[in-house]
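Participant:
Chains as they are written, first to last, in this note's numbering: chain P, 399 to 794; chain B, 399 to 794.
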């Protein structure tokens, strides 16, 4: 297999080599010439035993890299993503403005909803602002809030001891903003409002407001939203109807199946940190949900989405790989573990994928060039103020 | 069990109640009166069926909280830590300047060391700065670096394919700074220096220099340091002598037993994020090592360390709990999952613990008041520029 290189013209194949490459969905045909991208040429050298010929002289991998890296930023990161997908016997090609995917409407997941029908409360919480925790002064109501809505914590988790209901910041906010709970602020020795509480916490804790908004989106749809601390995420979620009392199915404890991570648009997260959060959830067999504030039109940026990726389809009894005739399934963005990705960038990528009728995949290259894939599927949740996505650890 | 309260005098017990509490290591004796701390009184109400008497009227948990929260910041967080330790049948008391622990010298772990005896290299790496990856132009040397020192990645991880050695940022830096590797920068089309590489990467990637310094500490002691991406940390570590070639013990793959997380002193980490990193390592049964730059005297801050905690000791054939006569084992700092903790704060806590002859424990309260404990044990590594600690997930 021989690829030719010329400083001005670029990389191309001819004759039988071109035929073989074209059949394998490499390159772009133009007359008799099959033009290749740098990552295609690098792949041919690295793993196809091919050579690149520059006026009769063989070029090494590092020479092709040196020739293209200056005009093609992050070429090694893109190459790693390309190599790995190809190595799984699947097709991957550069995405451009004309890329259009197969229909993906069925991939939006609808989540159930049920009203949080709690009547107006006639009680007061004693609020310790420096701890961001409150204690309710009404034992009967405490038991009700805990049993019916799994709000707060009585005694010790999973133990039937104690009678004092401790409410956290999100719970105090929800109950005071939406259900009339009064709040006595110990620091000021007087009653305070949900607005004051939020103002004070937001000064100390970054993104408190964004986190609370996501919390409310799910709580007002009847979901039980508790801390995800043990699973390394912001929240864990139970579907409407879950209770801390033992379940009806033989007294078994109800386990959460979903965790929720909130990604504020102002936040820039190291890709490895982002992946770590998804990884923990996967380790405990929970679905990872990413929540992001909806952006306004001027928030979006043009973040590069590198590739259109194909997978397999059923043909008779066999699975065969899909080709450009089938249309791609994924918009694949190649990132490295040490890059930062912001909420805005991720939202912009998701929007781009949606416009192309594709699902988004993040392909993460670690420092040893191994790849991990995460696919993002949109969730539909009634009246939600944020966008939510299920994130799936994909093995293509 | 009755506790008395007076606005001016405080909380105390008398007579038989005082005796029982004293025998259980509650309170501070002063003549006939046993003075109690607010968390002790809260615990007595919450889980000991006790009452607090204020001029003949019983006070609720929330009233004691309201009386003390204004002058005792983060009281609910401290209370949660206190409650959990006590609930395990163990003793815990407020720490003060006179607190002095049992001997702990044996708890410093010495790690082995072996020189990285690589001779000066006569080769060049082609460096793609935007990807932060390089490719070596010398196949024989590539094989050597990969096999003997597990530097870079040839072909695909755990597969014997390909011949191109890809080096990451840390590896290129190490080889160029310490072993004479020349670096050809594709963006500038000329040779560059390790200093230039660092300058460029550090502009894009926060803490690149700090990360590299930790990398060098271990590499120059003969350790193999690879990415910890799959384990949610910065690095994974193999003891001196590990190789990517299959091991001698029946051809089994060598698994890393340690992961390394670097905590720059300028960084403020959400406690839950910090815990998530430790949690992933624990999930894959690896020892978590935390690396922090050594501070200078003026860097240290006076971060509150709340409690001195006791554990159990062997007495004859039984395990009995330790008491103030034995001296405490731990300095326990109570934090909540949503607070931020910085490298400086953690280092200051560690220094304080060391001066008191105690090991540090972080007691993390989640939003549901459940507690997780992490103990930090110092590591001794030859000529290391940073401080290193093993972090152990503790169940008291």
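Using N, Cα and C, we set each Cβ at its ideal position, and we do this for glycine too.
Among all the DSSP beta bridges, which residues are the ones paired with residue 566 of chain P?
Facilitator: Along the first chain, read from residue 1 onward, the residue named residue 566 of chain P stands at position 168. Residue 566 of chain P is bridged to P/531.
Participant: Counting only Cβ-Cβ distances shorter than 9 Å, please list the residues of the region 473 to 494 of chain P near chain B, keeping chain order.
Facilitator: Those would be 473, 474, 475, 476, 477, 478, 481, 482, 485, in chain order.
Participant: Under 8 Å, do residue 530 of chain P and residue 735 of chain B count as touching if we go by C-beta distance?
Facilitator: Position 132 of the first chain, counting from 1, holds the residue named residue 530 of chain P. Position 337 of the second chain, counting from 1, holds the residue named residue 735 of chain B. No, the pair does not count as a contact, with Cβ atoms beyond the cut-off.
Participant: Run through DSSP, which three-state label would residue 599 of chain P get?
Facilitator: Sequence index remark: in the first chain, residue 599 of chain P carries index 201 (1-based). In this structure, residue 599 of chain P counts as helix in the three-state DSSP scheme.
Participant: Per DSSP, what kind of secondary structure is residue 505 of chain B in: helix, strand or coil?
Facilitator: Sequence index remark: in the second chain, residue 505 of chain B carries index 107 (1-based). The answer is helix: DSSP assigns residue 505 of chain B an H, G or I state.
Participant: Using a C-beta cutoff of 8 Å, does residue 766 of chain P count as contacting chain B?
Facilitator: Reading the first chain from its first residue, position 368 is the one you call residue 766 of chain P. With 8 Å as the cut-off, residue 766 of chain P counts as an interface residue toward chain B.
Participant: Does DSSP classify residue 421 of chain P as helix, strand or coil?
Facilitator: In the first chain, residue 421 of chain P corresponds to position 23, counting from 1. DSSP places residue 421 of chain P in helix when its eight states are reduced to three.
Participant: Would you mind stating whether residue 729 of chain P and residue 703 of chain P have Cβ atoms separated by less than 8 Å?
Facilitator: Numbered from its first residue, the first chain carries residue 729 of chain P at position 331. Numbered from its first residue, the first chain carries residue 703 of chain P at position 305. Yes, these two residues count as a Cβ contact at 8 Å.
Participant: Exposed or buried, what is residue 646 of chain P when buried is set at 16 or more other beta-carbons lying within 10 Å of its beta-carbon?
Facilitator: Taking the first chain and counting its residues from 1, one reaches residue 646 of chain P at position 248. For residue 646 of chain P, the predicted structure reports a pLDDT of 44, less than 50, and the residue's modelled location is therefore unreliable. A value from the coordinates is still provided. Flag for residue 646 of chain P reads exposed.
Participant: By the 10 Å Cβ neighbour count, where 16 or more other Cβ atoms means buried, how is residue 566 of chain P classified, buried or exposed?
Facilitator: Here residue 566 of chain P is taken as the residue at index 168 of the first chain, counted from 1. By the 10 Å Cβ count, residue 566 of chain P comes out buried.
Participant: With a CB to CB cut of under 7 Å and the five nearest residues on each side skipped, what residues in its chain are close to residue 577 of chain B?
Facilitator: Along the second chain, one-based indexing puts residue 577 of chain B at 179. Excluding positions up to five away in sequence, the list reads 516, 518, 519.
Participant: Any beta carbon from chain P within less than 8 Å of residue 582 of chain B's own beta carbon?
Facilitator: Within the second chain, the letter at position 184 stands for residue 582 of chain B. For residue 582 of chain B, the answer is yes, since a Cβ of chain P falls inside 8 Å of its Cβ.
Participant: Does residue 627 of chain B get closer than 8 Å to chain P when you measure Cβ to Cβ?
Facilitator: The residue labelled residue 627 of chain B in the question sits at position 229 within the second chain. Answer yes: the Cβ-Cβ gap between residue 627 of chain B and chain P drops below 8 Å somewhere.
Participant: Residues of the region 435 to 455 of chain B with a CB closer than 8 Å to any CB of chain P: list them in chain order, please.
Facilitator: 443, 444, 445
Participant: If we ignore side chains and look at the alpha-carbon of each, how far apart do residue 483 of chain B and residue 490 of chain B end up?
Facilitator: As a first step, residue 483 of chain B must be located in the second chain, where it is residue number 85. As a first step, residue 490 of chain B must be located in the second chain, where it is residue number 92. Taking the straight line from one Cα to the other gives about 7 Å.
Participant: Using a cut-off of 7 Å between C-beta atoms, extract the partners of residue 681 of chain P located in chain B.
Facilitator: Position 283 of the first chain, counted from the start, is the residue given in the question as residue 681 of chain P. The contacting residues are 681.
Participant: Please name the residues in the region 562 to 579 of chain B whose beta-carbon is closer than 9 Å to at least one beta-carbon of chain P, in chain order.
Facilitator: 562, 564, 566, 567, 568, 569
Participant: Among the residues of its own chain, which have a CB less than 6 Å from the CB of residue 642 of chain B, if the five just before and after it don't count?
Facilitator: In the second chain, residue 642 of chain B corresponds to position 244, counting from 1. Contacts found: 548.
Participant: Under 8 Å, Cβ to Cβ, is there at least one residue of chain B near residue 339 of chain P?
Facilitator: Residue 339 of chain P lies beyond the residue range present for chain P, which begins at 399 and ends at 794; the question has no answer from this structure.
Participant: Are any of the Cβ atoms in chain B nearer than 8 Å to that of residue 593 of chain P?
Facilitator: Residue numbering aside, residue 593 of chain P sits at position 195 when the first chain is read from its first letter. Residue 593 of chain P does not count as touching chain B.
Participant: Listed from N- to C-terminal order along the chain, which residues in the region 454 to 470 of chain P have their beta-carbon within a distance smaller than 7 Å of any beta-carbon of chain B?
Facilitator: Look at the region 454 to 470 of chain P: the residues with a C-beta under 7 Å from a C-beta of chain B are 458, 459, 460, 463, 464, 467, 468.
Participant: Hey, does residue 551 of chain P have any beta-carbon neighbour from chain B nearer than 8 Å?
Facilitator: Here the question's residue 551 of chain P lines up with position 153 in the first chain. Yes, residue 551 of chain P counts as interfacial toward chain B.
Participant: Report the residues of the region 727 to 744 of chain B with a CB closer than 9 Å to any CB of chain P, ordered along the chain.
Facilitator: Residues passing the 9 Å Cβ filter: 734, 735, 736, 737, 738.
Participant: Specify, as a first and last residue, the run of the beta strand (DSSP E) that residue 739 of chain B falls within.
Facilitator: What you label residue 739 of chain B is simply residue 341 of the second chain in a count that begins at 1. Per DSSP, residue 739 of chain B belongs to the beta strand (DSSP E) from 738 to 740.
Participant: Taking a contact to mean a Cβ-Cβ separation below 8 Å, would you say residue 689 of chain B touches residue 659 of chain B in this structure?
Facilitator: For this step, residue 689 of chain B is matched to residue 291 along the second chain. For this step, residue 659 of chain B is matched to residue 261 along the second chain. Yes; because the gap between Cβ atoms is below 8 Å, this pair is in contact.
Participant: Taking the DSSP output, what are the residues bridged to residue 769 of chain B?
Facilitator: As a position in the second chain, residue 769 of chain B is number 371, starting the count at 1. According to DSSP, residue 769 of chain B bridges with B/763.
Participant: So which residues of chain B does residue 533 of chain P contact, with C-beta pairs closer than 7 Å?
Facilitator: As a position in the first chain, residue 533 of chain P is number 135, starting the count at 1. The contacting residues are 459, 460, 463.
Participant: Which residues of chain B have a Cβ atom closer than 9 Å to the Cβ of residue 554 of chain P, listed in chain order?
Facilitator: Taking the first chain and counting its residues from 1, the one referred to as residue 554 of chain P is at position 156. Under the 9 Å cutoff, chain B gives 445, 481, 482, 485, 767, 768.
Participant: From P/760, P/696, P/654, pick the residue whose C-alpha is nearest to that of residue 479 of chain P; which is it?
Facilitator: The count along the first chain starts at 1 and reaches residue 479 of chain P at position 81. The shortest C-alpha separation from residue 479 of chain P is found at P/760.
Participant: Classify residue 506 of chain B as buried or exposed, calling it buried when 16 or more other Cβ atoms lie within 10 Å of its own Cβ.
Facilitator: Residue numbering aside, residue 506 of chain B sits at position 108 when the second chain is read from its first letter. Residue 506 of chain B is exposed by the Cβ-count criterion.
Participant: List the endpoints of the continuous beta strand (DSSP E) containing residue 488 of chain P.
Facilitator: On the first chain, position 90 is the one that residue 488 of chain P refers to. Taken as a continuous stretch (DSSP letters only), residue 488 of chain P belongs to no beta strand (DSSP E), as it is neither H nor E.
Participant: Which class does residue 493 of chain P belong to by DSSP, given the choice of helix, strand or coil?
Facilitator: As a working mapping, residue 493 of chain P is identified with position 95 in the first chain. Residue 493 of chain P: coil per DSSP, three-state reduction.
Participant: For residue 675 of chain B, which residues in chain P fall below 9 Å Cβ to Cβ?
Facilitator: Taking the first residue of the second chain as 1, we reach residue 675 of chain B at position 277. 630, 671, 674, listed in chain order.
Participant: From the DSSP secondary-structure annotation, give me the bridge partner or partners of residue 669 of chain B.
Facilitator: Residue mapping note: residue 669 of chain B aligns to position 271 of the second chain, counting from 1. For residue 669 of chain B, which the question treats as bridged, DSSP gives no partner whatsoever.
Participant: Considering only residues of the same chain and omitting the five flanking positions on each side of residue 418 of chain P, which have a CB-CB separation below 8 Å?
Facilitator: For this step, residue 418 of chain P is matched to residue 20 along the first chain. Cβ neighbours of residue 418 of chain P beyond the five flanking positions: 399.
Participant: Taking the alpha-carbon positions, what's the residue 771 of chain B to residue 665 of chain B distance?
Facilitator: In the second chain, counting from the first residue as 1, residue 771 of chain B sits at position 373. In the second chain, counting from the first residue as 1, residue 665 of chain B sits at position 267. Roughly 22 Å between the two C-alpha positions.
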